[in-house]
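Structure first, commentary second.
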Amino acid sequence: MTVTRFPPSPTGYLHIGGARTALYSWLHAKQNNGTFILRIEDTDLERSTQESVQAILDGMEWLELDYDEGPYYQTQRFDRYKEVVQQLLNDGHAYHCYCSKEEVDIMREEQRAKGEKPRYDGRCRHRTEPVDGVSPVVRFKNPLDGDVVIEDLVKGNIIINNRELDDLIIARSDGVPTYNLTVVVDDLDMNMTHIIRGDDHINNTPRQINIMRALGADADGKELPKFAHVPMILGEDGKRLSKRHGAVGVMQYRDEGYLPEALLNYLVRLGWSHGDKELFTRQELLELFRIEDVNRAASIFNAEKLLWINHEAIKALTGEELAIKADWHFSQKGITIADEPLAGQALELVKERTKTLLELVDQTRFFFKDIEEYDPAALKKWVKTATPDILTEVYKRLEALSDWTAENLHHVVQSTVDDLEVGFAKVAQPIRIAVTGSTQSPAIDQTLLVLGRDTTLARVHKANSAFEQAVVARQA
Ligand code: GLU
649 MTVTRFPPSP TGYLHIGGAR TALYSWLHAK QNNGTFILRI EDTDLERSTQ
699 ESVQAILDGM EWLELDYDEG PYYQTQRFDR YKEVVQQLLN DGHAYHCYCS
749 KEEVDIMREE QRAKGEKPRY DGRCRHRTEP VDGVSPVVRF KNPLDGDVVI
799 EDLVKGNIII NNRELDDLII ARSDGVPTYN LTVVVDDLDM NMTHIIRGDD
849 HINNTPRQIN IMRALGADAD GKELPKFAHV PMILGEDGKR LSKRHGAVGV
899 MQYRDEGYLP EALLNYLVRL GWSHGDKELF TRQELLELFR IEDVNRAASI
949 FNAEKLLWIN HEAIKALTGE ELAIKADWHF SQKGITIADE PLAGQALELV
999 KERTKTLLEL VDQTRFFFKD IEEYDPAALK KWVKTATPDI LTEVYKRLEA
1049 LSDWTAENLH HVVQSTVDDL EVGFAKVAQP IRIAVTGSTQ SPAIDQTLLV
1099 LGRDTTLARV HKANSAFEQA VVARQA
């Protein structure tokens, strides 16, 4: 049974890199009918915040990375960590260290002076008596020699000699356990089979493997979890992706009008590929993704490509589907489209030309809201070139229509053009401004069709008087 996890520390947003790791772990669990666990690593009480926990939960929900277990909170498991620290002490795998910070600093200075790698030299390993008045830390007794081999699913075998590692602190003097201890206890208790995480953790892995072994994780027929360290995501300047690159939290992409499936599609490709294929449905990812095929090298974040994928993802949806996806964005602008029977048709008309859901809202809001103001530039142009009777004429012809069909609507525009002997735009543009407030809209007949008879007539009528007033004002 495959078990994977996503264990973010709630000290900021759920960022792009975290979301990609979560996605890889989610995919790996789901494609093996396994379990995906969300664990909040909130033991750093100073830096962890409730807002950040919420941002993580919101991000996971928005991306539809559903977890089978959790969220577990490490702060609720302190008793368990203390128990394991005690077990390691009892079994002789850990010891109390009374060295002061100054003592350790001096030790490191001396090692540096000798050209050695600074490390704790294990001097408290053999101490038998406590030091009065000092609360000790607990250190793990790292094996003194031999190699640790990480059989990494992405990077291949990585071999580290134990002489490179020192006895790391697993509990601070106030009793609070450290990351390397808590992560191991949880990964073992939660029966993790695959640990998929950023390669910034690769230095921790041999230490964690040693602690796992000390806890019997590969004895009695049991196996260590498998590791997959995925490379970092870099900005265009080759530096690790950060706020400086404008890439903040996942939820910012929602706010900017990205579809969650587009973001996931982009993220999965950042570090993995399947031939030349760029666009994947979730189902295709579940079939095709392999953690073993993730690239070894870092990848570079490309905002334009993400936008392209978003455009493709918008085009792939029907108007009705888009209405559901864009509902939240409309409501942010005070527009409710849930009860609009024509919402799907309206969105269908513009989807080919919109790269984000925000653009979609912008280009279709006139369908759902009265026009409060005409685009001043459009109005100005209209007034200058206007032939006053055009809208009166159009109104008459529209009103006389017995069937409100695209064909008939087209005919009204075209016959007005022919009868008044003017260019097509001279007729189409005033209608556009009248019904949309601006000169940009999908094809005029389609626009009027979706708007419907009553709204169209009311808007043409209203615009006609607004227009006349503007002409009068200009002449005065
Ligand atoms: N809490 C750690 C982090 O957010 C988890 C690392 C891991 O996957 O072990 O970096």
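Counting from 1, position 193 in the sequence shown corresponds to residue 841 in our numbering; the numbering is continuous, with no gaps.
Glycine included, C-beta positions come from ideal geometry on N, C-alpha and C.
Item: In whole angstroms, give me the CA-to-CA distance for residue 1026 and residue 951.; Value: 33 Å
Item: What are the boundary residues of the alpha helix (DSSP H) that includes residue 1014?; Value: 1005-1016
Item: Excluding the five sequence neighbours on either side, which residues of its own chain have a C-beta within less than 6 Å of the C-beta of residue 1072, listed in chain order?; Value: 1065
Item: Quick one: give me the first and last residue of the beta strand (DSSP E) that residue 785 is part of.; Value: 785-788
Item: For the beta strand (DSSP E) that contains residue 682, what are its first and last residues?; Value: It is not in any beta strand (DSSP E) - residue 682 carries neither H nor E in the DSSP assignment.
Item: Please indicate yes or no: does the CB of residue 797 lie closer than 7 Å to some heavy atom of the ligand GLU?; Value: no
Item: Could you give the first and the last residue of the continuous alpha helix (DSSP H) run that contains residue 857?; Value: 853-862
Item: Short of 8 Å in beta carbon distance, which residues of its chain neighbour residue 1042, apart from the five on each side in sequence? Order them along the chain.; Value: 1060, 1061, 1064, 1075, 1078, 1079 and 1108
Item: Indicate, with yes or no, if the ligand GLU has a heavy atom lying under 7 Å from the CB of residue 694.; Value: no
Item: Between which residues of its own chain and residue 760 is the CB-CB distance below 6 Å, once the five residues before and five after are set aside?; Value: 766
Item: Note down, in chain order, each residue of its chain lying with its Cβ closer than 7 Å to the Cβ of residue 955, except the 5 sequence neighbours on either side.; Value: 1003
Item: Looking only at DSSP bridge pairs, what is residue 874 linked to?; Value: 842
Item: Please state the DSSP three-state secondary structure of residue 897.; Value: strand
Item: What does the shell around the ligand GLU hold, if a residue joins when its beta-carbon is under 5 Å from any heavy atom?; Value: 655, 656, 657, 689, 831 and 845
Item: Could you give the distance in angstroms between the alpha-carbon of residue 891 and the alpha-carbon of residue 661?; Value: 10 Å
Item: Rounded to the nearest angstrom, how far is the Cβ of residue 785 from that of residue 821, given a contact under 8 Å?; Value: 5 Å
Item: Under the DSSP definition of a beta bridge, which residues are partnered with residue 652?; Value: 684
Item: Taking buried to mean at least 16 other C-beta atoms within 10 Å of its own C-beta, is residue 753 buried or exposed?; Value: exposed
Item: What are the boundary residues of the beta strand (DSSP E) that includes residue 971?; Value: Taken as a continuous stretch (DSSP letters only), residue 971 belongs to no beta strand (DSSP E), being part of the alpha helix (DSSP H) at 967-980.
Item: Would you say the stretch 859-877 touches the stretch 833-851, given that touching needs at least three Cβ pairs under 8 Å?; Value: yes
Item: When we look at the beta-carbon of residue 995 and count the other beta-carbons within 10 Å, is it buried (16 or more) or exposed?; Value: buried
Item: May I ask you to report which of helix, strand or coil DSSP gives residue 988?; Value: coil
Item: Across the stretch 934-948 and the stretch 681-688, are there enough close Cβ pairs to call them in contact, namely three or more that are closer than 8 Å?; Value: no
Item: Put residue 809 into one of helix, strand or coil per three-state DSSP.; Value: strand
Item: On a Cα-Cα basis, can you pick out the residue from 659, 997 and 722 that is closest to residue 834?; Value: 722
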